[in-house]
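Novice: My numbering applies: residue 1 is where the sequence shown begins, and numbers increase by one. For every residue, glycine included, the Cβ atom is placed at its ideal position computed from N, Cα and C.
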Amino acid sequence: MTKRKIRVGILFGGRSGEHEVSLTSAQGIMKAIDKDKYEVVPIGITKEGRWITGGDPMKELRAAADLPPALAATADQEAEASQTVLVPLEPRRAALTTSGAPLELDVIFPVLHGPYGEDGTVQGFLELTGLPYVGAGVTASAVGMDKAIAKNVFRAHGLPVLPYRVFLRRVWESDPAGVIAECEAALRYPMFTKPANLGSSVGISKAHNRQELTAGLDEAARYDRKLIVEQGIEAREIEVSVLGNDDPIASVPGEIVPSREFYSYAAKYIDDASELLIPAPISAEQTEQVRRLAIEAYKAVDCAGMARVDFLMDKATGNIWLNEIDTIPGFTPISMYPKLWEATGISYTELIDRLIQLALERHEDKRRSATSFDVTRAT
Numbered sequence: 001m002t003k004r005k006i007r008v009g010i011l012f013g014g015r016s017g018e019h020e021v022s023l024t025s026a027q028g029i030m031k032a033i034d035k036d037k038y039e040v041v042p043i044g045i046t047k048e049g050r051w052i053t054g055g056d057p058m059k060e061l062r063a064a065a066d067l068p069p070a071l072a073a074t075a076d077q078e079a080e081a082s083q084t085v086l087v088p089l090e091p092r093r094a095a096l097t098t099s100g101a102p103l104e105l106d107v108i109f110p111v112l113h114g115p116y117g118e119d120g121t122v123q124g125f126l127e128l129t130g131l132p133y134v135g136a137g138v139t140a141s142a143v144g145m146d147k148a149i150a151k152n153v154f155r156a157h158g159l160p161v162l163p164y165r166v167f168l169r170r171v172w173e174s175d176p177a178g179v180i181a182e183c184e185a186a187l188r189y190p191m192f193t194k195p196a197n198l199g200s201s202v203g204i205s206k207a208h209n210r211q212e213l214t215a216g217l218d219e220a221a222r223y224d225r226k227l228i229v230e231q232g233i234e235a236r237e238i239e240v241s242v243l244g245n246d247d248p249i250a251s252v253p254g255e256i257v258p259s260r261e262f263y264s265y266a267a268k269y270i271d272d273a274s275e276l277l278i279p280a281p282i283s284a285e286q287t288e289q290v291r292r293l294a295i296e297a298y299k300a301v302d303c304a305g306m307a308r309v310d311f312l313m314d315k316a317t318g319n320i321w322l323n324e325i326d327t328i329p330g331f332t333p334i335s336m337y338p339k340l341w342e343a344t345g346i347s348y349t350e351l352i353d354r355l356i357q358l359a360l361e362r363h364e365d366k367r368r369s370a371t372s373f374d375v376t377r378a379t
């Protein structure tokens, strides 16, 4: 008797500035996944938040997307849009209800970068359905997405973080002179301005003077209500991939040599000229340090499944600073996360398999927790 394949819903697109990156990440996963073991169910989410399936959701979303050169790709099938509803089943499955017959799913693989996908919102929805899903839970997703809160957590755990200031967009718009004055009193140029809740370097600017700081804060305010200004240093950009649930492991570190002054969106996806040095050309002691710090950061936010942890290494002193944690790192053909695991000895296909199995294991562990209380035990 042939064993039924595990049905994996690949969830991609979404309502964020990283929509296009998500499409290419999902396409890479769908191409590399073990087809003998898994049956893939593509689930697309438009920029307006509409869930679609049937036909080729990927092609439909890509046709509407503004893809930069390094993310451009093609699909073959015709798209057929339909409304989608996820209906929980028992004990560990859900039904994807479309215009046709419901299709049962065993696990969801969210590949949604940025807000409305990587920030705990979709994770909360999946928790309500009772369906296993790949990656971090609600808390870790939300904390990892909000760079300001994540930095507070890292500092509370004694992890090294560069000086920074956080401002609400409302404060910046009502008192720009006060914000600039506070930044210049606490930090020195250059500074980096960022929206607190976004990734792929969207909305990030490097400010060398007051005029550029003003422009950078205006740009960050386009994308979020919370803005971060960080101390800039002359740094090497080091990244480590982490994999696992309660006992995570760290990959070999890699270094990014950006084609521009820093690893901006353009340097990542448009120039296609940034260098990825794997493994990073750093000492054995530094390698051990970033791998240890990566796992500590992972555990600090109670992460699960996967994350990429990014560091800044001061070129002058060699000091290592924790920059951020990405709970749904890119899976594009040029993404660091899978490349680092490949260099560590885990292939792209095996990595996908491990992540799905980690999702199933974590779900089974959560099911051990009681969801009701016998009041007689309180007497």
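1) My output table needs one value for T317: the three-state DSSP class, helix, strand or coil.
2) Please state whether the Cβ-Cβ distance between L159 and L293 is less than 8 Å.
3) Among A343, A297, V8, which has the Cα closest to the Cα of K147?
4) Quick one: grab the DSSP three-state call for K47.
5) Quick check: the Cα distance between I346 and A307, rounded to an integer number of angstroms?
6) Assign Y337 to one of three DSSP states: helix, strand, or coil.
7) Taking the alpha-carbon positions, what's the P253 to E104 distance?
8) Distance check for D326 and G13, CA to CA, integer angstroms please.
9) Leaving out the 5 sequence neighbours to the left and right, which residues in its chain are closer than 6 Å to D310 when beta-carbon positions are compared?
10) Select from K37, Y38, S205, T24 the residue whose C-alpha is nearest the C-alpha of G44.
11) Using a threshold of 8 Å, state whether the C-beta atoms of W341 and L351 are closer than that.
12) Taking the alpha-carbon positions, what's the S384 to V375 distance?
13) For F331, does the three-state DSSP call read helix, strand or coil?
14) Which residues in the same chain have their Cβ closer than 7 Å to the Cβ of W172, if we skip the five residues on either side of it in sequence?
15) In terms of alpha-carbon separation, which member of R291, A196, D224, F331 lies closest to N152?
16) State the beta-bridge partners of L11 as determined by DSSP.
Specialist: Based on what the coordinates show:
1) coil
2) yes
3) Selection A343, A297, V8 evaluated against K147 yields A297 as nearest (Cα-Cα).
4) In the three-state reduction of the DSSP assignment, K47 falls in the coil class.
5) 15 Å
6) helix
7) 39 Å
8) 17 Å
9) For D310, same chain residues with a beta-carbon under 6 Å away, outside a window of 5 residues either side, are E239, N323, E324 in chain order.
10) T24
11) yes
12) Any property of residue 384 remains undetermined from this structure, which presents the chain solely from 1 to 379.
13) coil
14) V179, L217, A221, L227
15) Among R291, A196, D224, F331, the Cα nearest to that of N152 belongs to A196.
16) Under the DSSP definition of a beta bridge, L11 partners with I43, P110.
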